[in-house]
Amino acid sequence: MSASSPGSPDSPGRSSRRPARTPMWPVVAMGLCWVVGVLWIVVFYLNPALPVLAELGNYNLLVGFAFIILGVFFALVQAVVAIVVARRRG
Numbered sequence: 101m102s103a104s105s106p107g108s109p110d111s112p113g114r115s116s117r118r119p120a121r122t123p124m125w126p127v128v129a130m131g132l133c134w135v136v137g138v139l140w141i142v143v144f145y146l147n148p149a150l151p152v153l154a155e156l157g158n159y160n161l162l163v164g165f166a167f168i169i170l171g172v173f174f175a176l177v178q179a180v181v182a183i184v185v186a187r188r189r190g
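Structural data, given as structure tokens:
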């Protein structure tokens, strides 16, 4: 008598394929972009006389917000990938 649980690979009707997982790189890239963007703006406001920041002037805000918007782009990439993987599962 075989005691196989319903979720085991030996049970009938189950494929031995592992479920697809969404990649984590967009989440890491999203978080890094948001942190870098916010830190860039904060450092610019705290000490605008730093060598690179002084040369860019108010364009530092553009750089900081560009990083934040890039983070939003990576969030959208992660959402699309998660939707595609979920549709392939079932």
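Under my numbering, the sequence shown has 189 at position 89, and the numbering climbs by one with no breaks.
Quick reminder that beta carbons are idealized off the backbone N, C-alpha and C, glycines included.
Here the structure is a predicted model, which is why all the values come from computation and not from measurement.
Taking the alpha helix (DSSP H) that Arg188 falls in, what are its first and last residues? DSSP places Arg188 inside the alpha helix (DSSP H), whose first and last residues are Tyr159 to Arg189.
Thinking C-alpha only, which one of Ala186, Val177, Ile183 and Arg189 is nearest Val128? That would be Val177, whose Cα lies nearest to the Cα of Val128.
Presumed contact (8 Å Cβ cut-off) between Pro123 and Val181, rounded CB distance: Between Val181 and Pro123 the Cβ distance is about 7 Å, and since that is below 8 Å, they are a contact.
For Ala149 and Gly157, the rounded distance between their alpha carbons: C-alpha separation (whole angstroms): 9 Å.
When we look at the beta-carbon of Pro151 and count the other beta-carbons within 10 Å, is it buried (16 or more) or exposed? Pro151 is exposed by the Cβ-count criterion.
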